[in-house]
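Engineer: Got a structure here, written out as structure tokens. Questions coming.
Residue numbers (the UniProt record's numbering): 1 to 366.
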């Protein structure tokens, strides 16, 4: 009797250890560890240990992240066969895996199948699908799910609204985004800093800069703490609509807000100056950012080079290319386009070719 009980206790302890080991291996995700986790999982089954829903979920999640969806599905079927009821986390994990692999139809079918389950889909289920639809430019499908949530009395979260606002603005549906922003506030969902970043950026990119500025000033009066992203969006919108003086005010007012311009901020301002033909001022900004310890990137250089190439300033373009080499920056398609544009208008292009620097050859990973 005692011996029998000791065997059962030892078996349970061993099973718990195996379950923990397989879960920890799976959570670390690399292929080698995933294979170890699967091996341990099979060992559990061989020893008559019954893995619980958490163990299954961890392994399904690891398989989905590695896009091994067929194996993940097999594991789901095994779960059911062994009498372990999948929970909403199981289905959401699998749904997210399908979305990450671009298999939205499969994910949509899985969401539809959840409608027949006892508990049904939750807000996370809908958020997963809404995010996938928005990322794949299917914002109408995303909005259909939003209205389905409302009909089922599943309350959207701030994540739901942030995702939908991003999708609507991306699709150029500023009017619909504005309406949704109003519904969000009416539904007592407080916008967070991410919401305001998305909203201001969306307005600026959809030619509603005045409205974005008005919102900015309203938030400013409420002592709202802005991130640099909000300023980058506003400066971009102001430069795009040729309101450069206001852009400068925001740019040079950043330290008063406890913020420093990033490489993105500088690149936006440089682009604005180039489009206005103020190339020397744009070049001064490049010097200023370097002096302040903000390293320019390939976008910064490309922006300046395109500006100087349009003015046929060969010397400046060549100088910028040499500077890129010094900073170990690799040229991209935009860099090549600027050089080609310059050479096509240069009668002495053969001489110019001799002046161009040689960039290190980039070895692509196999």
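C-beta: ideal position from N, C-alpha, C; glycine also.
Round the Cβ separation of residue 317 and residue 342 to the nearest angstrom and send it over; I've been treating them as touching at under 8 Å.
Structural biologist: So it is a contact: roughly 5 Å between Cβ atoms.
Engineer: Comparing C-alpha positions only, which one of 205, 193, 315, 152 sits nearest to residue 177?
Structural biologist: Cα-wise, what sits closest to residue 177 is 205.
Engineer: With distances taken Cα to Cα, identify the nearest neighbour of residue 359 among 346, 345, 335.
Structural biologist: When only C-alpha atoms are compared, the closest one is 335.
Engineer: Below 7 Å CB to CB, which residues in the same chain sit around residue 373 once its five sequence neighbours on both sides are set aside?
Structural biologist: Lying before the first or after the last residue shown, residue 373 is absent from the chain, which here runs from 1 to 366.
Engineer: Using the three-state DSSP reduction, which class does residue 352 fall into: helix, strand or coil?
Structural biologist: Three-state result, residue 352: helix.
Engineer: Closer than 6 Å by C-beta to residue 201: which residues in its own chain qualify, once you throw out the five before and the five after it? Chain order, please.
Structural biologist: These residues qualify, in order along the chain: 233.
Engineer: Check whether the Cβ of residue 62 sits closer than 6 Å to any heavy atom of the ligand ZN, and report yes or no.
Structural biologist: Ligands in the displayed structure: none, and consequently the ligand ZN is not present.
Engineer: If the criterion is Cβ atoms closer than 7 Å, does the pair residue 239 and residue 272 meet it?
Structural biologist: Going by C-beta atoms, residue 239 is nearer than 7 Å to residue 272.
Engineer: Cα separation between residue 52 and residue 138?
Structural biologist: Answer to the nearest angstrom: the Cα atoms are 37 Å apart.
Engineer: Please classify residue 222 as buried or exposed, where buried requires at least 16 neighbouring CB atoms within 10 angstroms.
Structural biologist: Flag for residue 222 reads exposed.
Engineer: Helix, strand or coil for residue 130, going by three-state DSSP, please let me know.
Structural biologist: If DSSP states are grouped into helix, strand and coil, residue 130 belongs with the helices.
Engineer: Would residue 110 be called buried (16 or more neighbouring beta carbons within 10 Å of its own) or exposed?
Structural biologist: With 16 or more other Cβ atoms within 10 Å, it is buried.
Engineer: Just to confirm, are residue 182 and residue 134 a CB contact at a threshold of 7 Å?
Structural biologist: Not closer than 7 Å, so no.
Engineer: With a CB to CB cut of under 8 Å and the five nearest residues on each side skipped, what residues in its chain are close to residue 198?
Structural biologist: Excluding residues within five positions, the ones whose Cβ falls inside 8 Å are 162, 165, 166, 169.
Engineer: Using C-beta distances below 7 Å, list every residue in its chain close to residue 60, excluding the 5 sequence neighbours before and after it, in chain order.
Structural biologist: Here the set comprises 72, 75, 76, 90, 93, 94.
Engineer: On the premise that residue 294 lies in contact with residue 261, defined as a C-beta separation below 8 Å, what is that separation, rounded to the nearest angstrom?
Structural biologist: Confirmed, about 7 Å.
Engineer: Please report the Cβ distance between residue 308 and residue 279, rounded to the nearest whole angstrom; I am assuming they are in contact, meaning their Cβ atoms lie under 8 Å.
Structural biologist: Right, the Cβ-Cβ distance comes to about 6 Å (below 8 Å), so this counts as a contact.
Engineer: So, are the CB atoms of residue 97 and residue 114 less than 7 Å apart?
Structural biologist: Taking 7 Å as the Cβ cut-off, residue 97 and residue 114 do not qualify as a contacting pair.
Engineer: Using beta-carbon positions only, say whether residue 270 and residue 303 come within less than 7 Å of one another.
Structural biologist: Yes. Within cutoff.
Engineer: Going by DSSP in three states, residue 32 sits in which element: helix, strand or coil?
Structural biologist: At residue 32, the pLDDT of 46 sits below 50, so the modelled position is not reliable and the matter cannot be decided from this model.
Engineer: Expressed to the nearest angstrom, what Euclidean distance is found between the alpha-carbon atoms of residue 323 and residue 310?
Structural biologist: Residue 323 and residue 310: Cα-Cα distance of roughly 19 Å.
Engineer: Use the C-beta contact count for residue 180: other C-beta atoms within 10 angstroms, 16 or more gives buried, fewer gives exposed.
Structural biologist: Flag for residue 180 reads buried.
Engineer: Check whether the Cβ atoms of residue 338 and residue 305 lie closer than 7 Å to each other.
Structural biologist: Closer than 7 Å, so yes.
Engineer: Evaluate residue 119 with the Cβ neighbour count: other Cβ atoms within 10 Å of its Cβ, from every protein chain shown; 16 or more gives buried, anything less gives exposed.
Structural biologist: Looking at its Cβ environment, which holds fewer than 16 other Cβ atoms inside 10 Å, residue 119 is exposed.
Engineer: Among residues of its own chain, excluding the 5 on either side of residue 173, which ones have a beta-carbon nearer than 8 Å to its beta-carbon?
Structural biologist: Closer than 8 Å at Cβ, skipping near neighbours: 139.
Engineer: Relative to the alpha-carbon of residue 117, which residue among 248, 88, 127 has its alpha-carbon at the smallest distance?
Structural biologist: Comparing Cα-Cα distances from residue 117 to each of 248, 88, 127, the minimum goes to 88.
Engineer: What would DSSP say about residue 233, mapped onto helix, strand or coil?
Structural biologist: The answer is helix: DSSP assigns residue 233 an H, G or I state.
Engineer: Quick one: Cα of residue 193 to Cα of residue 158, how far?
Structural biologist: Between residue 193 and residue 158, the C-alpha separation is close to 11 Å.
Engineer: May I ask you to report which of helix, strand or coil DSSP gives residue 113?
Structural biologist: Residue state, collapsed to three classes: helix.
Engineer: Return the first residue and the last residue of the alpha helix (DSSP H) that residue 340 is part of.
Structural biologist: Residue 340 -> alpha helix (DSSP H) spans 333 to 344.
Engineer: Pull up the distance between the alpha-carbon of residue 62 and that of residue 252, whole angstroms please.
Structural biologist: Their backbone Cα atoms lie some 47 Å apart in a straight line.
Engineer: Identify whether residue 136 lies in helix, strand or coil by the three-state DSSP scheme.
Structural biologist: It is coil, neither helix nor strand.
Engineer: What separation, rounded to the nearest whole angstrom, lies between the Cα atoms of residue 145 and residue 184?
Structural biologist: Looking at the two C-alpha atoms, the distance is approximately 16 Å.
Engineer: Closest Cβ-Cβ distance between residue 291 and chain B: below 7 Å?
Structural biologist: This model lacks chain B altogether, as it is built from one protein chain only.
Engineer: Do residue 101 and residue 67 have their beta-carbon atoms positioned less than 7 Å apart in this structure?
Structural biologist: Their beta carbons are under 7 Å apart, which means residue 67 touches residue 101 by this criterion.
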